[in-house]
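Undergrad: In this note's numbering, the protein residues as written are 1 to 213. Questions regarding the structure given below will be posed in turn.
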C-alpha cells in the first residue's frame, strides 16, 4: 500500500475514547523512506497516521515503532494495519496483535484520555506484491473474528470497491461472511470518485468510512 491522504466521510467508531475531529489522515509503511515531520503534519491539519505494522510472511515493519512514538509525541492519533495474504489467518492476526502490543502507546500524564488506543486495520486487497498469495474471503473473516476475540472490537477493512462487491456477489460470499465483515468499519480505495453505498454496508449511518483518494 503506497502512502496517501485519506478523507474521513463519516465517523462512528474509531479509537477508544477518542474520535477524529478533522478530515485527513496519512498512511505509511517501510516503503516510505523519507523522515516524516509529524509536527508539521499536525500543523497542516493532519489528525492521524495509519502505518503498516506487519506484512507477509510474518514480518514486522521496521519503521513502525519509531514513527509511532514520534507521531504520538506530535499529538497525532495512531493506527496500524496488517497486509493480509493466503496463509493461516489466525497466525496472521496473532502476529499482528503481538506486534502492535509490543509497542503500546505511551501514557500521557496530562492527557484526560490517559492512553490512546491503536486503530486496527486489515489490508484486504489483491496481493501481487508480497509472497503468500491473496487472502480469501473466508480467511478475512477468520482474521477479523480473531481480532474481535482478542480485543473485543472488529478491525477496519481496507480494500477497493471491487473487493467489496465480491463480498456481496462473489460465488464464495455467504450470508454469514457478509454479516461478519459488515461489523468492520471501511477504508475504501477509490481514486476517481466518492465511494458509492456498497452492500452489505447498505446504510452508512452506523459505520465509519475512510476514503482513500
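By construction, the Cβ of each residue, glycine as well, lies at the ideal position given by its N, Cα and C atoms.
Span of the beta strand (DSSP E) holding residue 27?
TA: Position 27 of the chain shown, counting from 1, holds the residue named residue 27. That run of the beta strand (DSSP E) goes 24-28.
Undergrad: Just to confirm my understanding: we take residue 64, look at its own chain, exclude 5 residues before and 5 after, and list those with CB closer than 6 angstroms. What are they?
TA: For this step, residue 64 is matched to residue 64 along the chain shown. Only 51, 53 meet the Cβ criterion.
Undergrad: Taking all protein chains shown into account, decide if residue 37 is buried (16 or more other Cβ within 10 angstroms of its Cβ) or exposed.
TA: Here residue 37 refers to the residue found at position 37 when the chain shown is read from its first residue. Answer is exposed; the Cβ neighbour count stays below 16.
Undergrad: When the Cβ atoms of the region 170-179 are set against those of the region 119-135, are three or more pairs found closer than 8 angstroms?
TA: no
Undergrad: Would you identify the three-state DSSP class for residue 33, choosing helix, strand or coil?
TA: On the chain shown, residue 33 is found 33 positions in, with the first residue counted as 1. Of the three classes helix, strand and coil, the one that applies to residue 33 here is coil, per DSSP.
Undergrad: For residue 137, which of helix, strand or coil comes out of DSSP?
TA: The residue you call residue 137 lines up with position 137 of the chain shown. Note: residue 137 maps to helix in three-state DSSP.
Undergrad: Write down the C-beta distance between residue 85 and residue 57 rounded to the nearest angstrom, noting that I regard them as a contact closer than 8 angstroms.
TA: What you label residue 85 is simply residue 85 of the chain shown in a count that begins at 1. What you label residue 57 is simply residue 57 of the chain shown in a count that begins at 1. That pair is a contact at about 7 angstroms.
Undergrad: Tell me the rounded alpha-carbon separation between residue 166 and residue 137.
TA: The count along the chain shown starts at 1 and reaches residue 166 at position 166. The count along the chain shown starts at 1 and reaches residue 137 at position 137. Cα-Cα distance, rounded: 9 angstroms.
Undergrad: Kindly indicate the opening and closing residues of the beta strand (DSSP E) around residue 72.
TA: Position 72 of the chain shown, counted from the first residue, corresponds to residue 72. Element bounds for residue 72: not the beta strand (DSSP E) but the alpha helix (DSSP H), 64-73.
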